[in-house]
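Undergrad:
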Amino acid sequence: TPNLRKTITFTAYGLSPRLREAGVLNNKHIPEIYQMASVEQRIALLQGLMDTDGSARDNGGCRFVNTNVRLIEGIRRLLWSLGVPNSLTETANKAEWWDDGYTRSTCYVVSFSGIDCFRLPRKKARLATHKARYKRYVRFEPVDMVPTQCIAVDAPDELFLVGEGCIVTHNTKFCSKMFPAWYLGRNPRDKYLQGGHSQDFAEKEFGKPVRDIIQDPRYQLIFPDTRLTVRSTAAGNWRLDNKRGGYVAKGVGQKIAGYRGNCGGGDDLIGSKEDADSETIRNKVWNWLWADFRTRFLPGSPIFIIATRWHPDDVIGRVEQYNREGKGLPWEIINFNGIVETEEEAALDPLGRDIGEALWGEFYTPEILFDLKETLEARDWNALYKGRPSDLEGNAVKGAWFGRYDVLPKDQIGQGGTLIEKRRRRVTVSVDTANKATKRAKYTAIGVWIEDMDHRHFLAEVVRKKLEFPDLVKEIEAAAMRWNATAILVEDKGSGTQYIQTRQGLAPAPIIPCDPSNNDKEFRFDGVLPMIEAGLVFIPRTSRWSPDYEAELLQFPNGTYSDQVDMTSQYLEWAREKRKYGTKKLKGTGIKGGKKRKH
126 TPNLRKTITF TAYGLSPRLR EAGVLNNKHI PEIYQMASVE QRIALLQGLM
176 DTDGSARDNG GCRFVNTNVR LIEGIRRLLW SLGVPNSLTE TANKAEWWDD
226 GYTRSTCYVV SFSGIDCFRL PRKKARLATH KARYKRYVRF EPVDMVPTQC
276 IAVDAPDELF LVGEGCIVTH NTKFCSKMFP AWYLGRNPRD KYLQGGHSQD
326 FAEKEFGKPV RDIIQDPRYQ LIFPDTRLTV RSTAAGNWRL DNKRGGYVAK
376 GVGQKIAGYR GNCGGGDDLI GSKEDADSET IRNKVWNWLW ADFRTRFLPG
426 SPIFIIATRW HPDDVIGRVE QYNREGKGLP WEIINFNGIV ETEEEAALDP
476 LGRDIGEALW GEFYTPEILF DLKETLEARD WNALYKGRPS DLEGNAVKGA
526 WFGRYDVLPK DQIGQGGTLI EKRRRRVTVS VDTANKATKR AKYTAIGVWI
576 EDMDHRHFLA EVVRKKLEFP DLVKEIEAAA MRWNATAILV EDKGSGTQYI
626 QTRQGLAPAP IIPCDPSNND KEFRFDGVLP MIEAGLVFIP RTSRWSPDYE
676 AELLQFPNGT YSDQVDMTSQ YLEWAREKRK YGTKKLKGTG IKGGKKRKH
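Each step along the sequence shown adds one to the number in the working numbering, with nothing skipped, and position 133 is 258.
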């Protein structure tokens, strides 16, 4: 029988390597992957931590105590992700003897309640015996407007918890639920109109919640003059007891004649990606919004639209087109990127974020967003996280023309390095250089192309940056060495000419100067479009860089940038002429020269 007064140590063999692999051996913290796990896994993690360093208090509260700041920050974030408010206090730890005498460390205490956080029976039993605690509303106090973070709650009401206090509120539908109630409280004689993609959706998601808010006793404490009439039971059409103010919610296509509005908006007018792809549905939504719903507002009435951007020809896209053409009163368009990736996005960001800052960085970190970018189709990433949907039809090029690959062609090598089957004809680096690395200068685009034995062309990698000349050399030649390139194509212009003159014979692959022969960008790209249309050009199904690449090509010639377009047309033009003429020197084709090379 062991002496229970002494500490008993158990050894689990093979555990240290697993802890080291997870990065927590002698490094107390909660790894990012655990913070983003399922709810069940996060609760299990919390229970394990609380069984170790947690305790239950007589008043029903729970405490987690530790001296490690990083671990404390991790468990507070874990609690917030589960919708559990918590507080932090500091106390002096017990004195310990060190070489320089007694010293005290700081002990951190996280306090919280409202969640089953124990698995040990003795701790669980103590928590179950606490007396029930009740809350009551004492008063409402206004607070200043400050930036905050929201935590999604997996529940039918789609509520959100805001800030460290986990105050219940909402995200985008805050504008369609809380705002209408606030507006009618301030303007009880006005009429509010709300639109959604269907009548059932508009009533259940907007009309009923707004009605319930106004009927709440807490609302009446703030807006005592705004009350519903006794007969106002319909979720999508109710009036206030002053006989003038009221609320109407309508789905796309529903009759709205006879109603007038002083304020309102449309939220999720297109219900799905499938609907967005239908030109018939897009036209139906637009005609109802623009010629029916919008015309019911009195002059000068504020109107808003909230939308997920699935298609460039959606409601927002058509409003943007009207803004560009100067038709009607201009709309203010606010776009929140999931993450800021370029200087241009940073300059236009309504929140003033810098490059690399995520919209909800505490939970959707840049690493997680880039993982989504690599695994989502380019069109879905650009639509959902950038607010810039690409049309599969494109402008000059159609998205359906591109082939999609999961694995690049690769030579088959046997034992001892014997070549069994050659599948790569050549690997080429194509470079479109910028003149300067200033904010107004265009980007340098470096593309790595692999041509297989069937003369199909696979874009393996794209590097797109603003580079000074020393960095330009490093990026070009690093790409050439990574892929064991057989040639480097560089436009003989600007910094490209400087690269050719200084690195010819020194680069890891022969440099081939390319001369556009004063042809404009559209003319050069039109010349290689048949190769893309024929299905000879392949891009990765998913990658970090492919969404930006595909978006630029689909928007050409109406997009902001064309560096990746130029890099592509330069390579495809060279490859086409290479196949046509072999290795002999070309004249008038844009290729100035280069050493003959067997392939």
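Backbone N, C-alpha and C fix where the C-beta goes; we use that ideal spot for every residue, glycine too.
Computed from a prediction, not measured in an experiment: that's the story for all the values here.
#1: Taking Cβ positions, are V556 and I575 nearer each other than 9 Å?
#2: Can you have a look at G320 and say buried or exposed, based on whether 16 or more other CB atoms are within 10 angstroms of its CB?
#3: Rounded to the nearest angstrom, what separates L631 and E602 at their Cα positions?
#4: When the Cβ atoms of the stretch 474-488 are set against those of the stretch 638-654, are three or more pairs found closer than 8 Å?
#5: Could you tell me the distance, in whole angstroms, from the CA atom of G442 to the CA atom of R407?
#6: At what residues does the beta strand (DSSP E) containing S668 begin and finish?
#7: Near I155, what residues of its chain come up, given a Cβ to Cβ distance below 8 Å and the 5 sequence neighbours on each side ignored?
#8: Apply the 10 Å Cβ neighbour rule to H322 and answer buried if 16 or more other Cβ atoms are within range, or exposed otherwise.
#9: Q345 by DSSP, collapsed to three states: which one?
#10: Ignoring anything shorter than 4 residues, give me the alpha helix (DSSP H) runs that lie fully in the stretch 314-391, in order along the chain.
#11: Please report the distance separating the alpha-carbon of A471 from that of V465.
#12: Hey, how far is the Cα of V335 from the Cα of R343?
#13: Please classify P595 as buried or exposed, where buried requires at least 16 neighbouring CB atoms within 10 angstroms.
#14: In angstroms, rounded to a whole number, what distance separates the CA positions of K333 and K375?
#15: Could you give the distance in angstroms between the alpha-carbon of K618 and the alpha-carbon of D640?
#16: Under 8 Å, with one C-beta from each stretch per pair, do the stretch 451-462 and the stretch 474-482 reach the 3-pair mark?
#17: Thinking just about the alpha-carbon of each residue, which of G371, F495, G684 and A610 is nearest to the one in R550?
#18: Counting C-beta neighbours from all protein chains within 10 Å, is the total for V532 16 or more, i.e. buried, or is it exposed?
#19: Ordered along the chain, which non-local residues of its own chain (more than five positions away) have a Cβ less than 8 Å from that of T433?
#20: In three-state terms, what does DSSP make of Y624?
#21: In the DSSP assignment, what are the bridge partners of Y530?
#22: If you reduce the DSSP assignment to three classes, tell me which class I431 lands in.
#23: Strictly by DSSP, which residues pair up with L614?
#24: To test your reading of the DSSP string, which unbroken alpha helix (DSSP H) runs of 4 or more residues are found completely within the stretch 578-611?
#25: Is the Cβ-Cβ distance between F527 and E675 less than 9 Å?
#26: Provide the residue span of the beta strand (DSSP E) that contains S115, from first to last.
#27: Grab the span of the alpha helix (DSSP H) containing N412 for me, first residue to last.
#28: Have a look at Y233 and T467 and give me their C-alpha separation to the nearest angstrom.
#29: Does the beta-carbon of W670 have 16 or more other beta-carbons within 10 angstroms, so that it is buried, or is it exposed?
#30: Leaving out five residues on either side along the sequence, give the residues of the same chain with a beta carbon under 7 Å from the beta carbon of N211.
#31: Just to confirm before moving on: does the CB-CB distance between N448 and C388 stay below 9 Å?
#32: I'd like the list of long-range same chain contacts for V194, defined as Cβ closer than 8 Å, with 5 residues on each side in sequence excluded.
#33: Would you say T627 and V598 are within 9 Å of each other, going by their C-beta atoms?
#34: For a test of the three-state rule: what should DSSP assign to R513, helix, strand or coil?
#35: Let's test the definition: count the other Cβ atoms within 10 Å of the Cβ of Q695 and tell me whether it reaches 16, buried, or not, exposed.
#36: I need the straight-line Cα distance from G179 to G173, nearest angstrom please.
TA: In brief:
#1: Position 431 of the sequence shown, counted from the start, is the residue given in the question as residue 556. Position 450 of the sequence shown, counted from the start, is the residue given in the question as residue 575. No. Outside cutoff.
#2: Here residue 320 corresponds to residue number 195 of the sequence shown, with the count starting at 1. Buried is the call here.
#3: In the sequence shown, residue 631 corresponds to position 506, counting from 1. In the sequence shown, residue 602 corresponds to position 477, counting from 1. Distance between the alpha carbons of L631 and E602 is about 10 Å.
#4: no
#5: By 1-based counting over the sequence shown, the position of residue 442 is 317. By 1-based counting over the sequence shown, the position of residue 407 is 282. Each residue's Cα considered, the two are about 11 Å apart.
#6: Position 543 of the sequence shown, counting from 1, holds the residue named residue 668. Here S668 belongs to no beta strand (DSSP E), and DSSP marks it neither H nor E.
#7: To locate residue 155, count along the sequence shown from 1; it is residue 30. Answer for I155: L170, L196, G199, I200, R202 and L203, listed in chain order.
#8: What you label residue 322 is simply residue 197 of the sequence shown in a count that begins at 1. So H322 counts as buried.
#9: Counting from 1 along the sequence shown, the entry for residue 345 is found at position 220. The answer is helix: DSSP assigns Q345 an H, G or I state.
#10: 324-327, 333-340 and 342-347
#11: On the sequence shown, residue 471 is found 346 positions in, with the first residue counted as 1. On the sequence shown, residue 465 is found 340 positions in, with the first residue counted as 1. Their Cα atoms are separated by approximately 6 Å.
#12: As a working mapping, residue 335 is identified with position 210 in the sequence shown. As a working mapping, residue 343 is identified with position 218 in the sequence shown. Whole-angstrom Cα-Cα distance: 14 Å.
#13: By 1-based counting over the sequence shown, the position of residue 595 is 470. It counts as exposed.
#14: Position 208 of the sequence shown, counted from the first residue, corresponds to residue 333. Position 250 of the sequence shown, counted from the first residue, corresponds to residue 375. The straight-line gap from Cα to Cα measures roughly 12 Å.
#15: Sequence index remark: in the sequence shown, residue 618 carries index 493 (1-based). Sequence index remark: in the sequence shown, residue 640 carries index 515 (1-based). Taking the straight line joining both Cα atoms gives about 8 Å.
#16: yes
#17: Translated into the one-based positions of the sequence shown, residue 550 becomes position 425. Comparing Cα positions, the closest option is A610.
#18: Within the sequence shown, the letter at position 407 stands for residue 532. So V532 counts as exposed.
#19: Residue 433 sits at position 308 when you count from the first residue of the sequence shown. The residues are D393, I395, A508 and L509.
#20: Walking along the sequence shown from the start, residue 624 turns up at place 499. Y624: helix per DSSP, three-state reduction.
#21: Position 405 of the sequence shown, counting from 1, holds the residue named residue 530. According to DSSP, which records beta bridges pairwise, Y530 is partnered with P665.
#22: As a position in the sequence shown, residue 431 is number 306, starting the count at 1. Looking at I431 - three-state DSSP - the assignment turns out to be strand.
#23: Taking the sequence shown and counting its residues from 1, the one referred to as residue 614 is at position 489. Per DSSP, S555 and I637.
#24: 594-607
#25: For the purposes of this step, residue 527 is taken as residue 402 along the sequence shown, with counting starting at 1. For the purposes of this step, residue 675 is taken as residue 550 along the sequence shown, with counting starting at 1. Yes, these two residues count as a Cβ contact at 9 Å.
#26: Outside the shown range of the chain, which is 126 to 724, sits residue 115, and nothing can be said about it.
#27: Residue mapping note: residue 412 aligns to position 287 of the sequence shown, counting from 1. It spans E404 to W413 - the alpha helix (DSSP H) in which N412 sits, taken as one unbroken run.
#28: Along the sequence shown, one-based indexing puts residue 233 at 108. Along the sequence shown, one-based indexing puts residue 467 at 342. Cα atoms of Y233 and T467: separation of roughly 40 Å, rounded to the nearest angstrom.
#29: Taking the first residue of the sequence shown as 1, we reach residue 670 at position 545. Counting Cβ neighbours within 10 Å, W670 comes out buried, since at least 16 surround it.
#30: The sequence position of residue 211 within the sequence shown is 86, counting from 1. Once the five neighbours on either side are set aside, the close Cβ partners of N211 are R201, L204, V235, S236 and F237.
#31: Sequence index remark: in the sequence shown, residue 448 carries index 323 (1-based). Sequence index remark: in the sequence shown, residue 388 carries index 263 (1-based). The answer is no: Cβ separation not under 9 Å.
#32: For the purposes of this step, residue 194 is identified with residue 69 of the sequence shown, where counting begins at 1. If we look at V194 and ignore the five residues flanking it on each side, its Cβ neighbours are Y233.
#33: Position 502 of the sequence shown, counted from the start, is the residue given in the question as residue 627. Position 473 of the sequence shown, counted from the start, is the residue given in the question as residue 598. By the CB criterion at 9 Å, T627 and V598 fall inside the cutoff.
#34: Here residue 513 refers to the residue found at position 388 of the sequence shown. Note: R513 maps to coil in three-state DSSP.
#35: Here residue 695 refers to the residue found at position 570 of the sequence shown. Result: buried.
#36: As a first step, residue 179 must be located in the sequence shown, where it is residue number 54. As a first step, residue 173 must be located in the sequence shown, where it is residue number 48. If I take the Cα positions, the gap works out to 9 Å.
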